[in-house]
Amino acid sequence: MKLSTRIHSTESFGTVDGPGIRYVVFTQGCPLRCKFCHNPDTWKVNEGHEMSVDEIIKDVKDYLPFIEASGGGITVSGGEPLLHIDFLIELFKACKVIGVHTAIDTSGGCFSRSPRFMQGLDELMKYTNLVLLDIKHIDPQKHKWLTGMSNEHILDFAHYLAEKHIPVWIRHVLVPGVDSEEDLTKTADFIHSLPNVEKIEILPYHKLGVYKYEALGIDYPLKGVEPPTEDQIAHAEQILKRNCDPVK
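Next up, the structure:
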């Protein structure tokens with residue numbers, strides 16, 4: 016079993032990637048090329064640095080008092096963490112030994128119903144407390160324009176999580192000019208068809224990662240697009256949440 020993998024970075028006091036204070040592991044490699052991505056330096060699989068399960072657990076233990084007091088845990092993000100399923104299985108098993116809540120922040124971009132992938136994913140879900148699922152866009156063609164691939168398998172991943180009764184927080188990046196009201200309504204219809212959604216989060220598009228594109232020599236694809244206003248964010252939240260709470 017693979018006990019180490021390529022890691023971009025870690026964050027010891029994350030507060031936005033799941034409940035409480037989180038130790039966040041950003042894995043290296045991603046199959047999507049989202050136009051709004053603020054971490055293009057995580058795209059390539061073979062970059063970053065190698066880190067073992069033991070090294071991460073040792074580091075996590077240093078922050079256990081803060082994690083436990085806040086009801087926090089560990090979140091594996093990326094990049095795309097599901098590219099590292101064998102590693103996540105061993106990491107989450109080790110987290111359970113020390114009583115740490117586990118979460119995955121994923122776009123579901125590499126999900127497949129193939130037997131080999133499903134075998135690993137089914138095993139991983141045994142040790143996963145929460146999935147933060149990024150739904151980039153509900154329309155397959157617009158999703159392809161926005162990320163480089165269609166979304167049918169990603170929406171199927173959401174159905175898989177519902178089948179497995181895995182608690183889910185849905186996340187959606189709001190980019191002005193990309194989501195129409197009809198798109199948001201269809202997204203809401205999809206979200207509210209899932210019985211396992213505990214929370215819906217609007218992530219306003221921002222330009223904080225533009226400097227990384229410049230440093231990497233990559234043209235930034237959303238030049239001229241400004242972050243959404245407070246009114247636009249509130250309107251999108253009203254549509255997606257429909258003034259009602261998801262499943263508790």
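The working numbering puts the first residue of the sequence shown at 16, with every later residue one more than the last. Ideal Cβ positions, reconstructed from N, Cα and C, are used throughout, including at glycine.
Inset, instruction - Could you pull the start and end residues of the beta strand (DSSP E) that His23 belongs to? - result: Position 8 of the sequence shown, counting from 1, holds the residue named residue 23. Where His23 is concerned, the enclosing beta strand (DSSP E) stretches over Ser19 to Gly29.
Inset, instruction - Return the CA-CA distance between Leu97 and Glu216, expressed in angstroms with no decimal places. - result: Locating residue 97 in the sequence shown gives position 82, counting from the first residue. Locating residue 216 in the sequence shown gives position 201, counting from the first residue. If you draw a straight line from the Cα of Leu97 to the Cα of Glu216, it is about 21 Å long.
Legend entry - Beta-carbon contacts of Leu79 that lie in its chain and below 8 Å, excluding the five residues immediately before and after: Looking up residue 79 in the sequence shown gives position 64. Within the same chain, Ile113 and Val115 come within 8 Å of Leu79 by CB-CB distance, once the 5 residues on both sides are set aside.
Inset, instruction - Mark Gln253 as exposed unless 16 or more other C-beta atoms lie within 10 angstroms of its C-beta, in which case mark it buried. - result: Counted from its first residue, the sequence shown places residue 253 at position 238. The residue in question, Gln253, is exposed, as its Cβ has fewer than 16 Cβ neighbours within 10 Å.
Inset, instruction - Under 8 Å Cβ to Cβ from Thr200, same chain only, skipping five residues before and after it: list those, please. - result: The residue labelled residue 200 in the question sits at position 185 within the sequence shown. Ile254, listed in sequence order.
Inset, instruction - Look up Tyr175 in the DSSP assignment and say whether it is helix, strand or coil. - result: By 1-based counting over the sequence shown, the position of residue 175 is 160. Tyr175 falls in the helix class under three-state DSSP.
Inset, instruction - Return yes when the Cβ of His250 is within less than 8 Å of the Cβ of Leu218, no when it is not. - result: One-based indexing of the sequence shown puts residue 218 at position 203. One-based indexing of the sequence shown puts residue 250 at position 235. The Cβ atoms of Leu218 and His250 lie no closer than 8 Å to each other.
Inset, instruction - Give the straight-line distance between the Cα atoms of Lys157 and Val190, rounded to the nearest whole angstrom. - result: The residue labelled residue 157 in the question sits at position 142 within the sequence shown. The residue labelled residue 190 in the question sits at position 175 within the sequence shown. Taking the straight line from one Cα to the other gives about 12 Å.
Inset, instruction - State yes or no: is the C-beta of Ile72 within less than 8 Å of the C-beta of Gly35? - result: Start at 1 with the first residue of the sequence shown, and residue 72 comes out as number 57. Start at 1 with the first residue of the sequence shown, and residue 35 comes out as number 20. Taking a C-beta distance under 8 Å as the contact criterion, Ile72 and Gly35 do not qualify as a contact pair.
Inset, instruction - Output the distance between the C-alpha atoms of Glu105 and Thr244, rounded to the nearest integer angstrom. - result: Taking the sequence shown and counting its residues from 1, the one referred to as residue 105 is at position 90. Taking the sequence shown and counting its residues from 1, the one referred to as residue 244 is at position 229. Answer to the nearest angstrom: the Cα atoms are 42 Å apart.
Inset, instruction - Give a yes or no on whether the C-beta atoms belonging to Leu18 and Ser67 are separated by under 8 Å. - result: The residue labelled residue 18 in the question sits at position 3 within the sequence shown. The residue labelled residue 67 in the question sits at position 52 within the sequence shown. Going by C-beta atoms, Leu18 is nearer than 8 Å to Ser67.
Inset, instruction - Go ahead and pull the three-state DSSP assignment for Glu213. - result: For this step, residue 213 is matched to residue 198 along the sequence shown. Glu213 falls in the strand class under three-state DSSP.
Legend entry - Range of the contiguous alpha helix (DSSP H) that encloses Asp77: Translated into positions along the sequence shown, residue 77 becomes position 62. Counting along the chain, Asp77 sits inside the alpha helix (DSSP H) bounded by residues Val68 to Asp77.
Legend entry - Rounded straight-line distance, which links the Cα of Thr202 to that of Ser195: Residue 195 sits at position 180 when you count from the first residue of the sequence shown. Residue 202 sits at position 187 when you count from the first residue of the sequence shown. Going from the Cα of Ser195 to the Cα of Thr202 covers about 11 Å.
Legend entry - DSSP three-state assignment for Pro46, whether helix, strand or coil: As a working mapping, residue 46 is identified with position 31 in the sequence shown. Coil at Pro46, not helix or strand.
Legend entry - Nearest-angstrom Cβ-Cβ length linking Pro210 and Ala177, presumed shorter than 8 Å: On the sequence shown, residue 210 is found 195 positions in, with the first residue counted as 1. On the sequence shown, residue 177 is found 162 positions in, with the first residue counted as 1. Sure, about 6 Å apart at Cβ, within 8 Å.
Inset, instruction - Please name the residue in Thr42, Val193 and Thr30 whose C-alpha comes closest to that of Gln247. - result: Residue mapping note: residue 247 aligns to position 232 of the sequence shown, counting from 1. When Thr42, Val193 and Thr30 are compared, the shortest CA-CA separation from Gln247 is found for Val193.
Inset, instruction - Tell me where the beta strand (DSSP E) around Ile119 begins and ends. - result: Taking the sequence shown and counting its residues from 1, one reaches residue 119 at position 104. His116 to Thr121 is the extent of the beta strand (DSSP E) around Ile119.
Legend entry - Same chain only: Cβ atoms within 7 Å of Ala109, ignoring 5 sequence neighbours per side: Translated into positions along the sequence shown, residue 109 becomes position 94. Excluding positions up to five away in sequence, the list reads Val68 and Ile72.
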